[in-house]
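Trainee: For the record, in the sequence shown the residue sitting at position 107 is 91 according to the working numbering, with numbers rising by one throughout. The C-beta atom is built at its ideal place from N, Cα and C for all residues, glycine as well. Encoded as structure tokens, here's the structure I'll be asking about.
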Amino acid sequence: MGTLYLVRHGQASFGAADYDQLSDLGFLQCRRLGEYLRARGLSFEAAISGTLKRHVQSLEAISEGYGGVPEPTRMAGLNEFDGEAVVRALYPEIPPPPDPADSFRHHFRLLREGLEAWMAGSTAPAGMPAHAEFVAGVSQALDHVRERHAGDVLMVSSGGPISTAVGLVLGLQGSAVIDLNLRMRNSAVTEFQVTPRRHVLVSFNGIGHLEQGVPAGWITHA
């Protein structure tokens, strides 16, 4: 039996014109994770990521810290949903925060509402698949690992696909999956034990690589 190490990308560029780009801290988080995985003596049979820039950059930084991982496979089923499209499908004119100092929390309140509507099938965010298709893409990525690999696999994605994967393994739906998503930390690791028949959750949202020897500010969520 092998282990699938599902990694959320490092800190991206929240609030910038192009969110899909690691920040300087995001690179450091992922490089640190690579060093941590190497120190644990892990050896990867395969590396897989989504096709978004922050996924590619995160895996490159992990590989740099680790000392080289296998040539990656890119899978679009691991790509994140479009958060702005999810919100605008519910609020074509996004309402401003009641308190300007609370803009960060306001954004995530609207995102939760938008995700609930998308999951229920009551909205169709522009340029995005139906939620069932999104889930199917994540499921296909999990099946790819289970069917093709017997050893340890490193996979880099985003909070949405990773929380969906956990939901599939544990039989969770709706608000429980959203709760997991909104609590996931940058460069955090979720582990699945992989058997020929199924995946089994071992750990969720781990940041052992950021718990010692780095500033507290290295732990981020967006």
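(1) How far does the beta strand (DSSP E) with L138 in it extend, from its first residue to its last?
(2) Let's test the definition: count the other Cβ atoms within 10 Å of the Cβ of P145 and tell me whether it reaches 16, buried, or not, exposed.
(3) Nearest by alpha-carbon distance to R58: which of D66, H39, G67 is it?
(4) Helix, strand or coil for A30 per DSSP?
(5) Check for me: the beta strand (DSSP E) holding V129 runs from which residue to which?
(6) With Q177 as the anchor, note down where its beta strand (DSSP E) starts and where it stops.
(7) Let me know the secondary structure DSSP gives R58 once reduced to three states.
(8) With a CB to CB cut of under 7 Å and the five nearest residues on each side skipped, what residues in its chain are close to F65?
(9) Using CA atoms only, rank isn't needed, just tell me which of G(-14), F(-2), Q13 is closest to R(-8).
(10) Check whether the Cβ atoms of E48 and G25 sit closer than 8 Å, and answer yes or no.
Mentor: In this structure, then:
(1) For this step, residue 138 is matched to residue 154 along the sequence shown. Secondary structure note for L138: its beta strand (DSSP E) is the uninterrupted segment 137 to 141.
(2) Here the question's residue 145 lines up with position 161 in the sequence shown. Looking at its Cβ environment, which holds 16 or more other Cβ atoms inside 10 Å, P145 is buried.
(3) As a first step, residue 58 must be located in the sequence shown, where it is residue number 74. With distances taken between CA atoms, R58 lies nearest to H39 out of D66, H39, G67.
(4) Here residue 30 refers to the residue found at position 46 when the sequence shown is read from its first residue. In the structure shown, A30 sits in a strand (DSSP, three-state: E or B).
(5) As a position in the sequence shown, residue 129 is number 145, starting the count at 1. Looking at the DSSP string, V129 is not in any beta strand (DSSP E); the run it does join, the alpha helix (DSSP H), is 115 to 132.
(6) Residue mapping note: residue 177 aligns to position 193 of the sequence shown, counting from 1. Taken as a continuous stretch (DSSP letters only), the beta strand (DSSP E) holding Q177 covers 173 to 178.
(7) The count along the sequence shown starts at 1 and reaches residue 58 at position 74. When DSSP states are grouped into helix, strand and coil, R58 belongs to the strand group.
(8) By 1-based counting over the sequence shown, the position of residue 65 is 81. The beta carbon of F65 sits closer than 7 Å to those of M112, F118, G144, all from its chain and outside the five residues before and after it, given in chain order.
(9) Residue mapping note: residue -8 aligns to position 8 of the sequence shown, counting from 1. Closest option to R(-8), Cα to Cα, is Q13.
(10) On the sequence shown, position 64 is the one that residue 48 refers to. On the sequence shown, position 41 is the one that residue 25 refers to. In this structure, G25 does not lie closer than 8 Å to E48 by Cβ.
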